[in-house]
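Letter by letter, the sequence shown follows residues -5 to 259 of the working numbering.
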Amino acid sequence: MTSEVRALPSAQRTLPAMLRRQSAQFGARPLLRVAGRQWVHSDAAEAAAVRAGALAQAGVARGDRISVMYGNRIEFLETFLGAGWLGASVVPINTASMGPQIEYFLANSETKLLVIEAGFVERLQTADLGRTALSEVWVVGETVASWEAPAGVRVSSYPEGAEAIPPAAVQPGDPLAILYTSSTTGPAKGVICPHAQYFWWGVNSAEVLDVGRDDVLCTTLPLFHINALNTFAQAALTGAEVVFESRFSASGFWPSMRASGATVV
């Protein structure tokens, strides 16, 4: 399977091309289980087109940056795929980040839209959003935090639906994501990851692990991390299924792997 994918022409090494190919080739095969939600392979392209439509309605355009801060849930993947479909870039934020760190990521990446889980909204109280290019915040879930957005920043609930739009004519070298380093030796650095890099992450990892269409991949790692994003690419490219657990538990790891039916962990 990976040899067939490896031979695809360079124009096919983009996220929209990857999603359209998997929809046509794997269709109704199971793709994803996360936080009680499930997708088959054709759902991924549909979700990307709809989320891209919602982003476009919010004024997000090709080349813009969208920051996302929430746990392993389907909205993360909707936003990631929708941004790639639209030609925008996603900036995943570590869910352990506090106000000043969030401010840094937003400002450094010149983020226009922040999509954030309700439980993390209160951390924005100690972030000076006036120092950023942020113009809109989407909140996933119900928030009880007493936080007032600064002037010029709109706050609304995560839109559930929109009109699907066709994919942008993105190129393999166009940015798909900006992943920040762990800042061990200084300020975190944003690593710009193009579409083709994401494609090759999936192809090479699936080849090394001998992932095939009958495999079930399972990870407890967070979707803001390169490994979990790579796991999704492996499943999308090979026709396999991926299960994202909410978090790692030493005592619960193997029971959760058995329950998921995982063949690759």
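In this text, a Cβ means the ideal position worked out from N, Cα and C, and glycines have one as well.
Enclosing alpha helix (DSSP H) for residue i [first to last residue]
i     : result
R252  : F247 to S254
I96   : G93 to S103
R15   : L9 to F20
R117  : Here R117 belongs to no alpha helix (DSSP H), and DSSP marks it neither H nor E.
T(-4) : T(-4) to R0
Which residues DSSP lists as bridging residue i, in chain order
i    : result
G184 : Y174
E271 : Outside the displayed range of the chain (-5 to 259) lies residue 271, so it cannot be described from this structure.
E260 : Because the chain in this structure spans residues -5 to 259, residue 260 falls outside the shown range and cannot be described.
I60  : V84 and L107
V258 : L211
P169 : P188
Classification of residue i by the beta-carbon crowding that lies within 10 angstroms, buried from 16 upward
i     : result
M251  : buried
G196  : buried
S254  : buried
N221  : exposed
A55   : exposed
A163  : exposed
T179  : exposed
S(-3) : exposed
Q51   : exposed
E157  : exposed
A230  : buried
G57   : exposed
T105  : buried
S240  : exposed
F242  : exposed
G53   : exposed
D204  : exposed
T175  : exposed
A145  : exposed
P3    : exposed
Residue i to residue j span [Cα, whole Å]
i    : j    : result
A43  : S150 : 21 Å
A190 : I172 : 14 Å
V28  : Y192 : 21 Å
P153 : G65  : 18 Å
W141 : P188 : 35 Å
R0   : G233 : 15 Å
L13  : Q6   : 10 Å
G93  : V115 : 10 Å
V62  : V34  : 23 Å
E72  : L217 : 12 Å
A38  : R31  : 13 Å
R45  : W248 : 34 Å
T80  : V202 : It should be noted that the sequence gives Leu, not Thr, for residue 80. Roughly 31 Å separates the two Cα atoms.
Q165 : A77  : 14 Å
V147 : E130 : 5 Å
G47  : T214 : 30 Å
L170 : A227 : 13 Å
H219 : V237 : 15 Å
P160 : S17  : 15 Å
Extent of the continuous beta strand (DSSP E) to which residue i belongs
i    : result
Q32  : R31 to V34
R148 : R148 to S151
L26  : P24 to V28
Legend entry - Contact between the segment 179 to 192 and the segment 97 to 114 (3+ Cβ pairs under 8 Å): yes
Inset, instruction - State whether the segment 207 to 214 contacts the segment 120 to 127, with contact taken as three or more CB pairs (one from each stretch) at a distance under 8 Å. - result: no
Inset, instruction - Decide yes or no for the touch test of the segment 128 to 138 against the segment 24 to 40: beta carbon pairs closer than 8 Å, at least 3 of them. - result: no
Inset, instruction - Mind the definition here: the segment 79 to 97 touches the segment 14 to 22 only if three or more C-beta pairs lie below 8 Å; say whether that holds. - result: no
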